[in-house]
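The opening residue of the sequence shown carries number 484 in this note's numbering; numbering runs sequentially from there. Since the structure comes first, as structure tokens, the remarks are kept for the end.
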Amino acid sequence: MDLSPQIEKFSRRLAEVEATLSDAKVFANPQRAQELGKEYSRLKTLVGHGQAYLKVLADLEANRALLAAEPANSEMAQMAKEEITRLEVEDKRLAREVQRGILPPDPADSRNTIIEIRAGAGGQESALFAADLYRMYTRYAEGRGWKVEDLDSSSSDLGGYKEIVFQLNGMDVYKRLKYESGVHRVQRVPATEAQGRIHTSTCTVAVLPEAEEVDVEIKTEDLDITVCRASGPGGQGVNTTDSAVQIIHKPTGLIVRCADQRSQQKNKARALTVLRSRLLERKVAEENKKYADQRKEQVGTGERNERIRTYNFPQNRVTDHRIELTLYNLPFVIEGDIDPIIEPLMAHDLEEKLAALNT
């Protein structure tokens with residue numbers, strides 16, 4: 484794919500936006516100025532990648548010409564070979580960055596994100612696996628400097644989670660984690676298994692971009708809000724006040740509960756945030772179903788044969804079934820090192836979108 488015309492187009496647009504922003508009149512409309520500022524930032528990064536990409540192409544051409552002109556065993560030929568190897572890696576990296584910039588940005592990519600993990604098939608082992616997934620994502624978030632806020636949870640008897648809902652705040656959270664939605668399957672010998680038999684269990688993961696008030700309208704009369712005493716370990720006030728909040732959205736039947744804060748008002752605000760995000764997800768899914776030729780599979784029911792990824796402990800293997808990617812570094816993955824899975828998923832998604840764009 485020849486990227487030069489696209490780079491030239493974005494360079495022209497960058498000059499136009501820069502000229503517009505230099506006019507003080509544009510700041511009379513703050514929203515318009517903010518939109519232009521975001522576009523300028525994105526274009527500047529994209530054009531920078533584009534210029535670096537074109538330079539790498541020129542350097543590659545020069546080194547290949549040098550290699551062809553020099554004796555095969557000469558020192559100059561060897562240097563040219565080494566430089567070509569380095570430049571080919573850089574060529575692929577920069578081409579991918581430029582291609583990402585060609586696609587219209589998804590506004591949700593930069594939003595904070597709500598993650599819901601629920602135990603599926605497998606009983607207590609499934610709940611323990613839910614706790615492992617929660618730890619995996621929070622470790623990953625810590626490594627990227629994201630903030631973790633617990634919203635609600637329901638513990639199991641052995642220390643796992645029947646359900647846990649939490650929010651991640653930071654740069655590009657949804658952009659990186661949106662591929663985690665689906666059924667995650669684990670194969671291992673449970674701690675409760677006396678005979679050493681391998682069990683298969685599942686959890687469902689839902690990844691929701693935080694919805695803003697303008698995205699979804701929620702009418703007060705459509706809500707049934709109740710408060711109750713928060714459950715959990717005893718202590719300073721967690722069980723002594725009616726701070727937990729449950730909201731039922733009557734038109735859809737969606738139920739949201741938030742109990743991790745001592746303040747009833749904070750729990751109510753967070754519950755509304757979760758409800759708004761779930762309604763936005765439903766709205767987007769309905770639009771995709773109506774207009775898109777293909778759409779990604781939804782979370783599913785949690786049955787063992789529905790899965791996007793398998794974590795096989797006896798074989799030290801993790802497999803993402805959507806792109807047929809298999810890695811043999813399960814201990815690192817479960818400790819939060821999931822970029823080796825996320826990066827190929829992002830690249831695959833990019834290829835599909837570019838193919839659709841070209842079609």
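We treat Cβ as the ideally placed atom computed from N, Cα and C, and that holds for glycine.
| Item | Value |
| --- | --- |
| G584 to V666 span [Cα, whole Å] | 30 Å |
| Identity of the residue in K766, L737, A768, E566 nearest A754 by Cα | L737 |
| Cβ-based burial, I791 [other Cβ within 10 Å; buried from 16] | buried |
| Ranges of the beta strand (DSSP E) found wholly within the segment 583-665, counting only runs of at least 3 | 596-602, 630-638, 644-652 |
| Cut-off 6 Å between Cβ atoms - residues of its own chain near V816, not counting five sequence neighbours on either side | V801 |
| Assumed close pair L641, L611 - CB separation to whole angstroms, cut-off 8 Å | 6 Å |
| Distance, V539 Cα to A775 Cα | Unreliable positioning characterises A775 in this predicted model, as indicated by a pLDDT of 43, which lies under 50. The coordinate reading is nonetheless provided below. One C-alpha to the other measures close to 37 Å. |
| Three-state secondary structure (DSSP) of L846 | Since the first residue of the chain shown is 484 and the last is 842, residue 846 is not available in this structure. |
| Backbone CA spacing between K575 and G679 [nearest angstrom] | 46 Å |
| Collapsed DSSP secondary structure at S684 in the structure displayed | strand |
| Three-state class that DSSP yields for H532 in the structure shown | helix |
| Inter-stretch contact (C-beta, 8 Å, three-pair minimum) for the segment 553-572 and the segment 618-625 | no |
| A591 vs I600 beta-carbon contact at 8 Å | no |
| Contact the segment 541-561 vs the segment 507-525: 3+ CB pairs below 8 Å | no |
| Buried versus exposed, by CB contacts within 10 Å (16 or more), F493 | buried |
| Backbone secondary structure at Y794 - three-state DSSP | strand |
| Rounded separation between Q719 and A727 - CA only | With a pLDDT of 43 at Q719, under the threshold of 50, the predicted position of this residue should be treated as unreliable, though the coordinate-derived value follows. Going by the C-alpha atoms only, they are around 15 Å apart. |
| Residues that DSSP places opposite Q670 in a beta bridge | T683, N795 |
| Exposure label - N595; buried when at least 16 CB within 10 Å | buried |
| L570 beta carbon less than 8 Å from that of A535 | no |
| Nearest-angstrom Cβ-Cβ length linking I821 and D803, presumed shorter than 8 Å | Rounded, the Cβ-Cβ distance is 10 Å, inconsistent with contact. |
| Proximity to G643 [Cα-Cα], best of D633, P673, A604, E608 | E608 |
| Residue environment, Q777, which counts as buried when at least 16 other CB atoms sit within 10 Å | With a pLDDT of 34 at Q777, under the threshold of 50, the modelled position of this residue cannot be trusted, and the question is left open. |
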